[in-house]
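Participant: Under our numbering, the first residue of the sequence shown is numbered 289, with each subsequent residue one higher. What follows is a structure written as structure tokens; I'll ask about it next.
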Amino acid sequence: MKKKDLLVIIGAGGFGQEIVWAANNMNGLRDRFQVIGYCDDDSAKKGAEVYGTKVLGTPEEAAKSLQAKAYFLCAIGDNAVRINAAKRALALGWEPTTIIDPSVIRAEFICVGAGTYIGAGSILSPYAQIGQHVIINHHCSIGHDSRLEDFVQVSPGCRISGSCRIKTGATLGSNAVVAPGRMIGRMATLGACSFAVTDIGDNITAIGNPARAIMQRRPEQA
289 MKKKDLLVII
299 GAGGFGQEIV
309 WAANNMNGLR
319 DRFQVIGYCD
329 DDSAKKGAEV
339 YGTKVLGTPE
349 EAAKSLQAKA
359 YFLCAIGDNA
369 VRINAAKRAL
379 ALGWEPTTII
389 DPSVIRAEFI
399 CVGAGTYIGA
409 GSILSPYAQI
419 GQHVIINHHC
429 SIGHDSRLED
439 FVQVSPGCRI
449 SGSCRIKTGA
459 TLGSNAVVAP
469 GRMIGRMATL
479 GACSFAVTDI
489 GDNITAIGNP
499 ARAIMQRRPE
509 QA
């Protein structure tokens, strides 16, 4: 009998619950994962049970008790924090895995990187390229030939049209829309229910229909 992959979820919040849900859905088709627990830096959560799964403590604490290779997925919405969390997990020798809910519709010739989560009801169109440690939440659509770089977050209900580029660490709020061929810059934010009809530059936060820049972060904060 094949051993299951030991899965550690980094982040014991609501997003972590969704990861457990999706992993369980995947197990319903093929019994692949054994979810051994969450890791979280909040010491008050240690030992608690969240969606039927125990919080083990920090990643470093959890690693001391593991006797076998572990896989991980970062259930952290803040992209900058998720970047640091992934670095910590990799330093422990853990390997990123990919969680794709079985309800996701996938065309041929797509590519999905390690450490990425794709939630229920989403659609990946032909030749979509999804990087590593990306979050694509429930009921999102990724257009043909679009490219999402590493650590992007796509919130529920987003619509990314064909041939778009979403650069590293960018965030799209719930129900945001990106027009065909547009680019969302590195660590940029497109607000909820906003429509990007032009490119959004690096570190820019843009909202509205059409989306307009309202602020720019300093690069060292990205």
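Idealized CB from N, CA, C, for every residue including glycine. Quantities reported herein were computed from a predicted structural model and do not represent experimental measurements.
Checking 7 angstroms against the spacing of the C-beta atoms, do VAL392 and SER410 come in under that value?
Facilitator: The residue given as residue 392 occupies position 104 in the sequence shown. The residue given as residue 410 occupies position 122 in the sequence shown. Going by C-beta atoms, VAL392 is nearer than 7 angstroms to SER410.
Participant: In chain order, what residues of the same chain have a beta carbon less than 6 angstroms from the beta carbon of GLN509, not counting five sequence neighbours either side?
Facilitator: Locating residue 509 in the sequence shown gives position 221, where the first residue counts as 1. Residue confidence for GLN509 is low, a pLDDT of 48 falling below 50, so the modelled location carries little weight; the figure read from the coordinates is stated next. Excluding residues up to 5 positions away in sequence, nothing lies with its Cβ nearer than 6 angstroms to the Cβ of GLN509 in the same chain.
Participant: In angstroms, rounded to a whole number, what distance separates the CA positions of ALA395 and SER434?
Facilitator: One-based indexing of the sequence shown puts residue 395 at position 107. One-based indexing of the sequence shown puts residue 434 at position 146. Put simply, the backbone Cα of ALA395 is about 13 angstroms away from that of SER434.
Participant: In whole angstroms, what is the alpha-carbon distance linking ILE297 and GLN322?
Facilitator: Along the sequence shown, one-based indexing puts residue 297 at 9. Along the sequence shown, one-based indexing puts residue 322 at 34. Answer to the nearest angstrom: the Cα atoms are 11 angstroms apart.
Participant: Nearest by alpha-carbon distance to THR486: which of ASP319, PHE439, MET471 is it?
Facilitator: The sequence position of residue 486 within the sequence shown is 198, counting from 1. THR486 has its Cα closest to that of MET471, out of ASP319, PHE439, MET471.
Participant: Please determine, among ALA374, GLU306, THR493, PHE397, the residue with the shortest C-alpha to C-alpha distance to GLY431.
Facilitator: Mapped onto the sequence shown, residue 431 falls at position 143. GLY431 has its Cα closest to that of PHE397, out of ALA374, GLU306, THR493, PHE397.
Participant: Cα separation between VAL308 and PHE360?
Facilitator: Residue 308 sits at position 20 when you count from the first residue of the sequence shown. Residue 360 sits at position 72 when you count from the first residue of the sequence shown. As the crow flies, the alpha-carbon of VAL308 is around 12 angstroms from that of PHE360.
Participant: Between ILE448, GLY473, GLY479, ILE454, which lies nearest to SER511 when the distance is taken from Cα to Cα?
Facilitator: Nothing about residue 511 can be read from this structure; the chain reaches only from 289 to 510.
Participant: Between which two residues does the alpha helix (DSSP H) containing MET314 stretch?
Facilitator: Indexing the sequence shown from 1 puts residue 314 at position 26. First-last of the alpha helix (DSSP H) with MET314: 302-317.
Participant: Classify LEU378 as helix, strand or coil using the three-state DSSP reduction.
Facilitator: As a first step, residue 378 must be located in the sequence shown, where it is residue number 90. DSSP, reduced to helix, strand and coil, places LEU378 within a helical segment of the structure shown.
Participant: On a CA-only basis, which of THR385, GLY450, VAL343, GLY419 is nearest ALA511? Give me that one, please.
Facilitator: Residue 511 lies beyond the residue range present for the chain, which begins at 289 and ends at 510; the question has no answer from this structure.
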